[in-house]
Structure formats: structure tokens, C-alpha cells
Amino acid sequence: MNRREFLKTSAAFSFSLFGQNLAGWAYGGSKSLEGKKLIVVFLRGAVDGLSVVSPYGDSRYYQARPTIGIAQPGQKDGLLDLDSYFGLAPALAPLLPYWKDKSLAFVHACGSPENTRSHFDAQDYMESGRPGVKVVDSGWLNRVLTQLPNTKSPLRGINVGATMPRILQGPENVASYAPQSIGKRSAMDVPVVAEAFSRMYTQRQDTLAAAFKEGIQAQDMLNEKLSKEMVAANKGAPSAKSFKGFGQQLGKIFANDPSIQVAFVALGGFDTHVNQGAGKGQLANQLTGLGTGLSDLISNLGDDYKNTVIMVMSEFGRTVKENGNGGTDHGHGNVMWILGGNVTGGKVYGKLDGLSDDKLFEGRDLPVTTDFRTPILAVCEAHLNLEKNKLNDVFPGFTNNDRSLDQLLRG
Amino acid sequence: MRSFSPKVKLSVSVMVLCSMSFPAGYAAKGGSDKDGSADMSRKARRANSKAAKPDGGVSERLKYRDEGQKAATPPLNDEQKARHLLNRISFGPRNEDIDKVLSIGVDRYIDEQLEPQSIALPESIAKLSAEPALKDNPAQLFLSYGRDAFDEMAKAAKQQSMTGKIDAQVKKEIGQMVRDNYQELFGQVAGARLLRSVNSPRQLEEVMTDFWFNHFNVSMNKGLDHLWIGSYEEVAIRPHVLGKFRDLLGDTAHHAAMLFYLDNWQNTAPEKYKMRPGKIGKRFAGLNENYARELMELHTLGVDGGYSQKDVVELARVLTGHGIISKSSIQKYPAGLNSKYGFYFDSDRHDFSDKILLGHIIRGRGAEEVEEALDLLAKHPSTATYISYKLAQYFVADEPPKSLVDKLSKTFTASGGDIKATMKALLRSDDFWSSANSKYKSPYRYLISSLRVSNASIQNSRPLLGFLNQQGMPLYQCQTPDGYKNTEKAWLSSSGLLQRINFATAYGAGRLPAARATGVEPEQLIRVVGLKPTDTTAQVVETSPKGLKISLLLGSPEFMKY
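Structure below.
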């Protein structure tokens, strides 16, 4: 008898405990939300936005980056043209179809108004959503969850990874799932262990019992979704270092489940101070994994892509000029990526008026002309249908006067 | 514990101790933060600080228990008393600890623990303070382990290079050596902390160290604090955990780890930096209020403690020029090499005008101004309330009764901020004795108590630290200056609870390579956890296979609480 069978048959887990709730979220998805989802991908270490969406139309791009500038479109390992001025990194070719079908948009020169160049502080601010305020005890994605109708599912918020990140900390319960643990035996897969702990916990009437039950349900639902193909096929051990491999897994978790509302994935390895590479090389390798993973995620979402927005962000950008080691150092503005069936894409938003020194922040970095909270609020408003007063609770103290992204999503 | 080696590959095949990446973000961040600091523009800070806590800040407001709802708990018998006391003033009772309290009595045990110096340390614990990461001062640590330690190597590489520039590969290798150094230091600091928490007979001192470290939190993930975290705990926290609050305040204020973490090392009188050319002018670009604000909001008065944004600016001005040792300051001030704090007062950057803090005039005269400011803050009634509240929350209840906080606050004030006297009052209060098993363990307390009650022999601290990462409480890495909380609201989550159960199962069954339970019998654990034969948990344990009993007890709902 495996654990799931045990749970189904055990007297301790009578259907009065589980059945009722299950019906609640499996069939009662919120009408007003219509299964809308927001997935945030955070690139830790500050990805070089100028190597993601490169302004090849400005010759200063190549002057500033003699060895790491990506070649013009049409040349060997060259950029993929976007709009005759910007080009997409060739490593991100898997995303080009979404640009072409206009479901991929970028916001350039986007970022935090706080000008720290410390990864530590900048990530903290971008995740708390309160740049400059140090003591904030919740992350903005958790606050988004607070504002959404509660689907009562233990999977309404999902963190991909073993450790709960800052962005998801807060009052709403979020399930953590580590891709590399899928398919591995956990204590609760051993029937005698599961039975014993279940007897201890489920007969209580307290907060611990509630947390225990919810944890078991979340784990079950995840296993259910992934059990057959994924676990059997690759023993559930895709690389955690790149998105490639578990994009597929995520797609399977999210697709056709209206109870899932937000999810978060963080990827590392973007702090390219040395030997960054150009069309090929260190950064390109990272981007290939990410591009493939995102495209796998989207194909597995299927029809649910139209209900999903994926935002890719990073704590700050990197210097416009390459350094003496073929890399780039900590900078300021960056590019944000936004994908989704309802995104008004095929367009680079934001204000980037070329790379002349007077247009740069402190003469060296991309400026921040769009606050990172502006596109997020656009998504919360037009995609997640949050009302005005609720938007204020996502980013307290922030007044968005920038209306340039009001059309980011089709109404 | 001493087998800690940064190069040992993690073995995580056991159960679902998944993804125990060694300190989250640690390797990725190590050494890459050379220009990293919260160099906040004054404008941004000002915009963020219209009032004491601007834009509806989220610092914890003090929430009290409704006095009418006092739980009517039956009086404890002697063994229950011993267990409760040990649960709170140690990281969990061992079987023999209960015996000891029963034999000498609760009062004498408390008195002993309040005088940690009176308790002899075994050699294995005493020798930990000789670890370089704990013993060396910040200047020594900076020079022997920081990036500069490799300057000569970098210079030589530059000279040998054809291009006159340092070869990228060499640079990478030096970077790796710097990170290896950091790992070595972290191994010493974290290893010492775990070992002391688990095995030191001065348990209250260890518990108070956890409390005060979080109160005056710094994170080793921020730049140079990698180097200084051990010195910080050893110099600024530990000597005073049961001493005078004013001493904690003074030592944390001068230690390089705090000055770096909250950016005060950059805090400069605005009119002074303007005269300075280039890079230096940029680095010391005027007032930085970060530390001044947290000093009042988090360390002393509390968020509603009655200070204004004007006070923040005045205190920031008092703190101008309070910096850290650097290569250039050592040339000007060689004594900095011997400073136990790594502190350096740069009078060139200090604002010498008079200040008015909380209505009190502080005459501008240099480094001594801060002593006057700290005296003022330490003696302020809001500080007494705030510290008393936090102690009561930590030792008694998530929402402690106001009457208790008032009582402690009186003792705190009357004793001139004496922590020992305040703790004595707390441990003698009825509220303390009627609060048994009402708190939910933080991940750190859960881990340490599991190891303690089972007489763990620790082979390798790394997977244990990995468990803390997984639980969201990586050791020495709380990002925000308010430190880790210790309430149920902060820590009880469904995935977190299952992770604990997985940990308990692996560890109790002897399948965790990091540590083993040694010589503990299920019956002893049943006594330590305090189960009655009629309790469900006791019955489940009774009917389960022998090899599973320890796991079940350590993963039981009763053991999650204290």
C-alpha cells in the first residue's frame, strides 16, 4: 500500500477531513478571477539586460562593448532583429515565436528607483516591493495573493525551490516544492511513517493539525500532477541551475488548474563580471536554458497561456561599458520581460534614448525610466483584475503616475 | 564538528532533505559585492521617511494579550516545572537536566544560569573562542582573509601579463580563493555557534545570545560582514547578554559589522564631502540615516517610541564620521589595527555642530557625542517598554500580557537597564509559569532542541545549516535588521512542518550523515517531551516499530512546541 492509498483508506483520514475541501477547490474556482495566473521568474545576480535586448541601432553599443557586443542581425551568432533598433539575444531564439505572435513584450530601462548596487539590498527591495524601506515583513507577491479571491487550494501560491523567498513571505500560505525532490522518497511515502504521523496530527484541533493537513494535501496534488510521466521518465531530477528541464514540469502543474494563482522561480548565475561572452559564451549558455525552459513552460500551459502572465526580472542591470575582463559590473536600469496570451507584445516599451553618456545614469549605467512596480501594477490591474484600492496594498506608499503601460495587456 | 570542510560534497540522498544548498545565495554572492552597499540617495531616504515610520511601515506594533483571557492552566508539578523552565531558558531539556533541576530546585537552577561565569565549560566548548574567525579583530580579518590579502598575488600576475592587465583566469582563481576563505570563516563561526547552542552548559547564555543577536541583527550576506560576523557576536553581543543593555548598545554601535551592515560607515557631514574630489566624494555622499533610524526604531525606542524624522536626522549627524578601518585609515591611525571593533572615527567627515536629540542638546565635540546619545536612548522609558515586550514575547507568549511588560519595564528602569535583574523578574512571574507549551519553536530552536534532547554527536554541521536554509532561517543570514522573529505566526507553515517531519524521520532513524542520536531511549524522550501514557502521541509511539520511535517523538506535535 502506498501512501496515497493509505490516506484514502485510513480511518484517520476520513473523507470528512479531505473530501469537503477538495470539492471546494477542484470545482469551485473563482469566477471573477477565471483561473488567471501570474508567474514571476527572478534572475538573481543581475542579468545583463543589454545582452538580452540589445540596441544594435546605436553604434555606441558596439563602442562600449568591443568584445561582448552581440553582432548585428544577419551576422554570425548575431542578434535576432526585433524592431530594426533592438535585437534579441540569439540564445533566446526559442522565444522569438512569441515575439512574432505578439505575446512577448519588453520594458527597457526598467528597474528600482533605489540606486544601490548591492545585490543584497537590491534583491531585498525588489522582492519586498518597498525600495528604500528596510524593515518590511512581507513580499509583494504574497501581498498580491492576499488581494486575490481565495481559491482555498493549498497550491494557490507555489514557490519553486526548497526555501521560501522574500517575495513570497507574508500572511498567505504558500506551498514550496523543490523540483529535484520530485520522485525522491519522502518520509511520508513510507506507509508506516505516514500512518503514525497522521494519527498524531489529524486528531488534534489546532493550528498544527491544520498546517499538517494542508501540507499533505499540497504534496499529494503535486505528486498527482507530476506522477506518471515526469517522475517515471527522468526520476524528477532536472537541473535546478537552469530553467531548462523544469519549465515542462511547471507547465504540467499549472495547466488546467484554476486554483493556482501565483508562482515564483529564482534562477542564479547571472553575475557576469568576467568572460561574459557575446552571441555565444557564458551568459548565452544561461539564456539558452532559460529560453528553452520558458518555451517549454508555455507549450505545456497550452490553452492556459491566455490566462497566464510570466514576468522575468532582475535586481538591477549592468554597466554599459564592458570591463577589463570581458565582463560587466553592477549597474542600474535593466530590461523586464513580459509574456502572456493577453500581452500586447511585439513591442519594446520604456524610454531608452540611446547610450550617449548624458543619457546614462551616473554616466555609466542604463537609467531607470520605468519603475519596476509600474508593469507589475499594470498586470495586477488588467490581468488579475485587482481594484484600485487593492493595488495600493500591493505596493504601499507608491503612487504610479506613469500611464505608458496601460495598454500592456489587452482588455 | 571540526570536520567541516567546504569541499565536502553534500550528501542529500536521505529522504527529502532536498536542495540543501550551502547557505542560500552565499557562494553566488561571496566577494562579488565589492561595491555593494546601500548607498541610498538622501532624496530617496527622505522621501521614505516623512514620519518616524513613514508609509505605514511594517515594524511590529506591540500587541498584548487580552488580560481577561488569561489561560486557566492547572498548577505545574515539580517535573512539569523543571521541563517548562528548561524549555524556555535552554534550547531544550535533556533527561539529566530535568534530574538536576529536580535535585537542586528551580530557584537555584535559575540563579546558576543567570551567572554563566559560575558554570565551568568543557574544553570542547571553551576552545571555540580561539578560532580565528571569532578571536581576530576586524582589521586582522580584513587583512588576512579579505580580497586585499591577495593584492600581492594580483600585482605579480599583472606584471607577468603581456597586456599589463591581470589575466581573467588568474582573477577568477583569486576570486575563488577569496570565496574559499569566506567559507572557511563561516565554517568556524557557524560550527562554533551550533556546538555551543547544543552542548554548552551555560544554556541561558546561549538562548540570550540568540535573542540579542536577532535584536541587533546584522547579516553576513552583506559584503564585508562575511568577515566580521564572528567577531561581532564575540565582542559586541556575548559579553553582555546578561549584563547591561547600555553596553550592548555601545558595543554594537562601534563594531564594524554593524557600521557596515547599516551603512553608517558612509555617513558624512554633507558640507564636508563636497570638498572632496572624485571617488571619495561619491562614496561619502552626505548623511546616511539608515543606522540612526534603526537604532531608534529597532534597537531602543521601538517604532512608536516617540521620535520624529527630525530626531533621525539629528542622530545621523551625531553619527557622522563613525566609520570602519580601511587601508587608508590605518595609515592615518595605526591604532585601528588593534581596535577590537574595527572602528575608526574620521573627524574630517564629522559634523561638529550642536544637535538636538529628543529635545536634549548635544554639544558638537566629536566621537564622544554618541555616548551621550546612547545614554539618552538607553534610559528612555520607550526603550524599557520595548525591550521588556520583546523579552516577554520571546520567553512567555507571542502576545504577552501588558501587566507583565509593565512589571519588567519597571525593573529594567530601576536597575539601570540590567538584563539579569529583568530576566530574574520575568522568570519569577506568574505569567511565565502559566505559559507552558504555548509557543511554537522557531526553526533554530527546533533543530537545536532535537539535537540536544537526543544527545547528538555532530559529524558535519553543513547539512544541519542546510536544514535551516530550507526552513527559511539560514544562520547569520537574516536579511532585514529586525532579525528573525520567534512567533508561531512567523514560522508555522504547511511545507515547513513537513520538512521538520522529514528531518525528524531521517535523523531519528540514523540516516542523517550529519548527526546521530546517541544513547537516548524512547522512554527518556517521552519524559523529556512530557507525554502522558494517555496522549495520542504516546500511544502511537507505543505501537510503532522500535526504529521509528525516536523519529516520531522528534516529529510529534508536542515537540514542535515549548
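Residue numbers (the numbering used here), protein chains in the order written: chain A, 144 to 554; chain B, 989 to 1550.
Just so you know, even glycine gets a beta-carbon here, dropped at the ideal spot from N, CA and C.
- With a contact defined as Cβ atoms closer than 8 Å, S1438(B) and Y1495(B) qualify at about 7 Å.
- As the crow flies, the alpha-carbon of N1252(B) is around 36 Å from that of G1484(B).
- In this structure, DSSP gives S1376(B) a helical state, which the three-state scheme calls helix.
- Residue burial is scored here from C-beta neighbours: N450(A) has at least 16 other C-beta atoms within 10 angstroms and is therefore classed as buried.
- Rounded to whole angstroms, K1367(B) and G1405(B) show a C-alpha spacing of 7 Å.
- One alpha carbon belongs to I441(A), the other to N1425(B), and they sit about 48 Å apart.
- If you check the CB distance, I453(A) and G483(A) come in under 9 Å.
- Secondary structure at S1117(B): helix, using DSSP grouped into helix, strand and coil.
- By the 16-neighbour rule on beta-carbons within 10 angstroms, G1324(B) is buried.
- The way I'd put it, the stretch 1336-1355 of chain B does touch the stretch 1288-1302 of chain B; three or more beta-carbon pairs between them come closer than 8 Å.
- Taking each of T259(A), E458(A), K179(A) and D400(A) in turn and checking the Cα distance to N1276(B), the smallest one comes out for T259(A).
- Between the beta-carbon of Y1428(B) and that of R1488(B) there is about 11 Å, and that puts the pair past the 8 Å contact cut.
- By the criterion of a C-beta distance shorter than 6 Å, S1442(B) is surrounded in its chain by A1505 and V1508, once the five residues flanking it on both sides are discounted.
- Closest in alpha carbon position to Q1465(B), among P1063(B), A1156(B), F1174(B) and K1160(B), is F1174(B).
- Under the three-state reduction of DSSP, R1190(B) is assigned to coil, being neither helix nor strand.
- By the Cβ rule, the stretch 1140-1151 of chain B does not count as touching the stretch 456-464 of chain A, because fewer than three pairs are nearer than 8 Å.
- S319(A): member of the beta strand (DSSP E) spanning A318 to Y320, first to last residue.
- For K277(A), at least one C-beta of chain B is nearer than 9 Å to its own C-beta.
- The continuous alpha helix (DSSP H) containing R286(A) extends over residues W283 to Q290.
- For G497(A), the three-state secondary structure derived from DSSP is coil.
- For G469(A), the nearest beta carbon of chain B is closer than 9 Å to its own beta carbon.
- Among the residues facing chain A, Y1097(B) is not included, as its CB has no counterpart in that chain under 9 Å away.
- Here L1192(B) is not near I1113(B), since their CB atoms are 9 Å or more apart.
- Straight across, the Cα-Cα distance linking V1195(B) with G1454(B) is about 21 Å.
- Straight across, the Cα-Cα distance linking Y1382(B) with V1186(B) is about 19 Å.
- Distance check between G467(A) and each of Y204(A), P209(A), V196(A) and R187(A) places P209(A) closest, using alpha-carbon atoms only.
- Only P297, N302, G304, A305, T306 and M307 from the stretch 295-307 of chain A bring a Cβ to less than 9 Å from some Cβ of chain B.
- Secondary structure at T345(A): helix, using DSSP grouped into helix, strand and coil.
- Here T451(A) is bridged, per DSSP, to K180(A).
- For the stretch 1285-1302 of chain B, the residues whose beta carbon sits under 9 Å from a beta carbon of chain A are, in order, E1285, L1286 and V1291.
- Note that the C-beta distance between V511(A) and R553(A) is not below 9 Å.
- When secondary structure is reduced to three states using DSSP, S246(A) falls in the coil class, being assigned neither helix nor strand.
- When Cβ-Cβ separations below 9 Å define contact, E357(A) makes contact with chain B.
- Note on T431(A): 16 or more other CB atoms within 10 angstroms of its CB, so buried under the neighbour-count rule.
- In its chain, beyond the 5 residues on either side, F1333 have a beta carbon closer than 7 Å to the beta carbon of A1355(B).
- Interface with chain A (9 Å Cβ-Cβ cutoff): G1484(B) is included.
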